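Visitor: Structure below; questions to follow.
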Amino acid sequence: MAYLCPMHPDVVEDVPGACPICGMALDPDLSSRQAEPADTDLLSMSRRFWACLLLTLPLFVLAMGEILADGPGLAPLAQFGLATPVVLWGGALFFKRGWASIRTRNLNMFTLIALGTGAAYAFSVAASLLPNLFPPAFRNPDGSVSVYFEAAAVIVTLVQLGQVLELRARARTGSAIRALLDLSPRLARRIEADGSELEVPISEVQPGDRLRLRPGEQVPVDATVVEGTSAVDESMLTGEPIPVAKSAGDRVIGATLNERGSLIIRAERVGRETLLAQIVELVDSAQRSQAPIQRQVDLFAAFFVPAVVATSLLTFVAWSVWGPEPRLAHALLASIAVLIIACPCALGLATPMSIMVALGRGAGLGVLFRNASAIERLRAVDTLVIDKTGTLTVGKPVLQQVLPRGELDEAPLLELVAGLEHGSEHPLSSAIVTAATERGLNPASPLDFEAIPGKGVAGRVNGRAVVVGSAALLAEHGIDATRLAVQAEPLQAEGHTTVFVAADGNPAGVLSLSDPIKAETPGALRSLQSAGIRIIVMSGDSTRTARRVADQLGLNELEAEVLPQEKAEAIKELQARGHVVAMAGDGVNDAPALAQADVGIAMGTGTDVAIQSADVILLGGDLRGISRAHSLSEATLRNIRQNLFFAFGYNTLGVPLAAGVLYPAFGLLLSPMVAAAAMSLSSVSVIGNALRLRNTRLSGDGEG
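Shown next as structure tokens:
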């Protein structure tokens, strides 16, 4: 089993642990196994968080009460008792990663956390156990020295909360890959050399094996049909809801669904060679290549941490040599004040607070962000690749027209067809029956019903012999469908699916079905185009059908009949040309492209795999959510930059003050207590600024 870093794809280890570069926990490589791993890291961190929270809350409340009331508070030794398990047990992992970052010279957020928390805790322990070390100027009226246990405990607990949220999101990312693997059946029915049939694990199937595929079963591997006819639902690959007729010589893809007919197939690609396995690998590699927003903070930390440590050491040396007596005590206090005021509480809050508020705001708009990095990347998107079926369109066939030809009018013709289709489970049948019901018709149940896979259905309704399906099926019943074909030709040219109908041996009419465009789609596309976003329709459906939808929406860029891996490759090409690409889709076939894109956007009405592979989910599948999400992304990143300014601004001013730059001229020295207050004020500023996102006006506000 290999373990991979979600931020640095080149980091691969044989055992679980932390990334030597960024300190993040390594993820198991799920693409090579079926079993779902235990979320031990998430479970352990969650337990630590809740235990530390129970100790931190009373410590924080009592310490704040002491400051606000300016009266006696919890004794330092009692604070020591509450804070020590939080810092030394709850924060042990952060200290370990912080030390590793120093040892490997890869300074990151854990460096700041370890230094800041360690400084606050160590100072407080010294003040509690060795108060006589400190000069009278830093004592309270009762002779005690102020302690900062609550600062250390709060930092550890907040960082733990961030780790829990991060691990939970990464666990959901892994579940997307497991969901893809679960699509493939685990058993196959192999035909032996003597003609007998044996059910075997999918891992034992070899290229060239002949397999029996019964009605309602999933195709086990990529194969070619040898015998039989059927209709296979390939919507998990193409997104097209209408099943595809299959007969000898046609190819079938693993994990697609055989509907009514029985097939004998010959295995061609098995194991990691199947299309589904390739999709899994594409999703896995693309997800791991996405860089989280924390890199921006770590970049700051790489410069900030050495500067703070150097300043603290220089402060200690300066006060030890030139400071007033007792020089050592003053040197120790000044150097610790520098570390306390530089404590990364505000820096740690700068990003997650804005993200948390943005997530809540987005949820209220019907937009769910899976991770913080999606918010960062979405604002830079200049190209939107969008799937057709289920994204631009409703995603299932709807009856559009009933065109009688003969003695029957529209209503009686539809009533006959709907009566016959009551016996079928085909998606087109469901659309026809639904349309008849909506029009107030009352179809009778069929007699002598027969379903012919890939061709249609036949039977008797209200005493009349009815045949519904393709021209070939009508020809088999001795019915000339030439005139019906002429009638259907303009509809087919527009991308509609047509069904021929015959009654009592005579042509009776044509039914036209199509996947309608969502009502909100045109307005949503106009909004995106006005924001300067280029839109490309990319569909696995036929060129004719996809072109009809694109033309109706006024979209000029179209790529049709595109396979899942080809969608991902097309997005890679766009990225190679310097474009920041978002992909919007709803099916399993969109999963690799959703993962490869800089931002994957899934319809909330789509498949679980598409939703789990995406960075942004639009509840209800409303495309207008994309422009709202884009606007929210811009506002959030602007807010994060402001927070970082507050965090570093306080340090820029506070660190020199803590070091004592004003002491030679004014005799002023910043005590650790004031340093802690400044640190708290920076955190309050960050939180208050982040909360402004709740009322920020977005470009999509007030729409539909």
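Heads up: the sequence shown runs through residues 18 to 721, numbered per the working numbering.
For each residue, glycine too, the CB sits at the ideal point set by N, CA and C.
As the structure is a computational prediction, the values presented were derived from the model and not from experiment.
What residues are listed by DSSP as bridge partners for E276?
Guide: For this step, residue 276 is matched to residue 259 along the sequence shown. In DSSP, E276 forms no bridge with anything.
Visitor: Among V566, G526 and S247, whose alpha-carbon lies nearest the alpha-carbon of Q504?
Guide: By 1-based counting over the sequence shown, the position of residue 504 is 487. Checked all of V566, G526 and S247; the closest Cα to Q504 is G526.
Visitor: Express the C-alpha separation of E393 and L228 in angstroms, rounding to a whole number.
Guide: By 1-based counting over the sequence shown, the position of residue 228 is 211. By 1-based counting over the sequence shown, the position of residue 393 is 376. Approximately 48 Å between the Cα atoms of the pair.
Visitor: For K263, which residues does DSSP report across the bridge?
Guide: Position 246 of the sequence shown, counted from the start, is the residue given in the question as residue 263. DSSP lists S247 as partners of K263.
Visitor: Beta-carbon within less than 8 Å of L330's beta-carbon, same chain only, minus the 5 sequence neighbours each way: which residues are those?
Guide: Your numbering for residue 330 matches position 313 in the sequence shown. So the qualifying residues of the chain are S352.
Visitor: Would you report the Cα separation of L670 and A367, rounded to the nearest angstrom?
Guide: Counting from one through the sequence shown, the residue named residue 670 turns up at place 653. Counting from one through the sequence shown, the residue named residue 367 turns up at place 350. If you take the alpha carbons of L670 and A367, they lie about 18 Å apart.
Visitor: For I449, name the three-state secondary structure that DSSP assigns.
Guide: Locating residue 449 in the sequence shown gives position 432, counting from the first residue. In this structure, I449 counts as helix in the three-state DSSP scheme.
Visitor: Note down the Cα distance separating E427 from E583, rounded to an integer number of angstroms.
Guide: Here residue 427 is taken as the residue at index 410 of the sequence shown, counted from 1. Here residue 583 is taken as the residue at index 566 of the sequence shown, counted from 1. For E427 and E583, the distance between alpha carbons rounds to 43 Å.
Visitor: Between which two residues does the alpha helix (DSSP H) containing Q582 stretch?
Guide: As a working mapping, residue 582 is identified with position 565 in the sequence shown. Residues P581 to A593.
Visitor: Hey, out of G115, G595 and I119, whose CA is closest to T134's CA?
Guide: Residue mapping note: residue 134 aligns to position 117 of the sequence shown, counting from 1. For the residues G115, G595 and I119, the minimum Cα distance to T134 belongs to G115.
Visitor: Tell me the start and end of each unbroken beta strand (DSSP E) in the region 487-538 that is at least 3 residues and wholly inside, in chain order.
Guide: DSSP runs (the beta strand (DSSP E)) wholly in the region 487-538: 514-520 and 523-531.
Visitor: Please report the Cβ distance between V173 and G107, rounded to the nearest whole angstrom; I am assuming they are in contact, meaning their Cβ atoms lie under 8 Å.
Guide: Position 156 of the sequence shown, counted from the start, is the residue given in the question as residue 173. Position 90 of the sequence shown, counted from the start, is the residue given in the question as residue 107. About 5 Å; that satisfies the 8 Å criterion.
Visitor: Is the region 658-672 touching the region 569-580, taking contact as three or more C-beta pairs under 8 Å?
Guide: Flag = no, the region 658-672 and the region 569-580 do not touch.
Visitor: I think G436 touches P414, with their Cβ atoms under 8 Å apart; what is that distance to the nearest whole Å?
Guide: Along the sequence shown, read from residue 1 onward, the residue named residue 436 stands at position 419. Along the sequence shown, read from residue 1 onward, the residue named residue 414 stands at position 397. G436 to P414, Cβ: 19 Å. No contact.
Visitor: Starting from the Cα of T451, find the closest Cα among F466, D465 and E432 and give me that residue.
Guide: Position 434 of the sequence shown, counted from the start, is the residue given in the question as residue 451. With distances taken between Cα atoms, T451 lies closest to E432.
Visitor: So V598 and V402 are in contact, right, with Cβ under 8 Å, and what is the actual spacing, rounded?
Guide: If you number the sequence shown from 1, residue 598 lands on position 581. If you number the sequence shown from 1, residue 402 lands on position 385. The Cβ separation is near 6 Å, so the contact holds.
Visitor: Note down the Cα distance separating V142 from F683, rounded to an integer number of angstroms.
Guide: To locate residue 142, count along the sequence shown from 1; it is residue 125. To locate residue 683, count along the sequence shown from 1; it is residue 666. Using only the alpha carbons, I get a separation of about 31 Å.
Visitor: Which residues share a DSSP beta bridge with L545?
Guide: For the purposes of this step, residue 545 is taken as the residue at position 528 of the sequence shown. L545 is not bridged to any residue.
Visitor: Look up F386 in the DSSP assignment and give the residues it is bridged to.
Guide: Against the sequence shown, residue 386 aligns to sequence position 369. Answer is V633.
Visitor: Bridge partners of D239, per DSSP?
Guide: Indexing the sequence shown from 1 puts residue 239 at position 222. DSSP, once it has assigned bridges, lists R286 as partnering D239.
Visitor: Given a threshold of 16 other Cβ atoms within 10 Å of its Cβ, counted over all protein chains shown, does Q304 qualify as buried or as exposed?
Guide: If you number the sequence shown from 1, residue 304 lands on position 287. For Q304, the predicted model reports a pLDDT of 45, less than 50, meaning its position is unreliable; a value from the coordinates is still stated below. Buried, by the Cβ-count rule.
Visitor: Quick check on DSSP: helix, strand or coil for T705?
Guide: As a first step, residue 705 is located in the sequence shown; it is residue number 688 there, counting from the start. The question names Thr, but residue 705 in the sequence shown is Gly. Helix at G705.
Visitor: Out of E276, I281 and I270, state which residue places its alpha-carbon closest to the alpha-carbon of L292.
Guide: Looking up residue 292 in the sequence shown gives position 275. When each option's Cα is compared against that of L292, the closest is I270.
Visitor: Using the rule of at least 16 other Cβ atoms within 10 Å of the residue's Cβ for burial, across every protein chain shown, is N656 buried or exposed?
Guide: Here residue 656 corresponds to residue number 639 of the sequence shown, with the count starting at 1. N656 should be labelled buried.
Visitor: Three Cβ pairs or more, each shorter than 8 Å: is that satisfied between the region 231-240 and the region 264-282?
Guide: A contact exists between the region 231-240 and the region 264-282.
Visitor: So is W336 buried or exposed if we call it buried at 16+ other beta carbons inside 10 Å?
Guide: As a working mapping, residue 336 is identified with position 319 in the sequence shown. It is buried - the Cβ of W336 has at least 16 other Cβ atoms within 10 Å.
Visitor: Could you tell me which of C69, V374 and V242 sits nearest to L708, measuring between CA atoms?
Guide: The residue you call residue 708 lines up with position 691 of the sequence shown. Nearest C-alpha to L708: V374.
Visitor: Give every residue of the same chain whose Cβ lies closer than 8 Å to the Cβ of A489, excluding the five residues on either side of it in the sequence, and list them in chain order.
Guide: Sequence index remark: in the sequence shown, residue 489 carries index 472 (1-based). Once the five neighbours on either side are set aside, the close Cβ partners of A489 are K472.
Visitor: Could you compute how far the alpha carbon of A502 sits from the alpha carbon of V485?
Guide: Reading the sequence shown from its first residue, position 485 is the one you call residue 502. Reading the sequence shown from its first residue, position 468 is the one you call residue 485. Cα-Cα distance, rounded: 14 Å.
Visitor: What are the partner residues of L416, as DSSP defines its beta bridges?
Guide: Here the question's residue 416 lines up with position 399 in the sequence shown. DSSP output for L416 lists L530 as bridge partner(s).
Visitor: Which term fits S650, buried or exposed, when burial requires 16 or more other beta carbons within 10 angstroms of its beta carbon?
Guide: Walking along the sequence shown from the start, residue 650 turns up at place 633. Buried, because 16 or more other Cβ atoms sit within 10 Å of the Cβ of S650.
Visitor: Closest to L71 by C-alpha separation, out of F97, A92 and V103, would be which residue?
Guide: Taking the first residue of the sequence shown as position 1, residue 71 is located at position 54. That would be V103, whose Cα lies nearest to the Cα of L71.
Visitor: CB A169 to CB A100, shorter than 8 Å?
Guide: Mapped onto the sequence shown, residue 169 falls at position 152. Mapped onto the sequence shown, residue 100 falls at position 83. In this structure, A100 lies closer than 8 Å to A169 by Cβ.
Visitor: What do you reckon, are the CB atoms on V384 and D615 nearer than 8 Å?
Guide: On the sequence shown, residue 384 is found 367 positions in, with the first residue counted as 1. On the sequence shown, residue 615 is found 598 positions in, with the first residue counted as 1. No.
Visitor: Quick one: residues in its chain with C-beta nearer than 6 Å to the C-beta of T653, no 5 flanking neighbours on either side, listed in chain order?
Guide: Reading the sequence shown from its first residue, position 636 is the one you call residue 653. Closer than 6 Å at the Cβ level, and outside the excluded window around T653, lie S371, A375 and I392.
Visitor: Can you give me the Cβ contacts of I281 inside the same chain, cut-off strictly under 8 Å, excluding the 5 residues immediately before and after it?
Guide: Residue numbering aside, residue 281 sits at position 264 when the sequence shown is read from its first letter. Same-chain partners within the cutoff: I208, R227, L228, R229, L230, V242, V243, E244 and G245.
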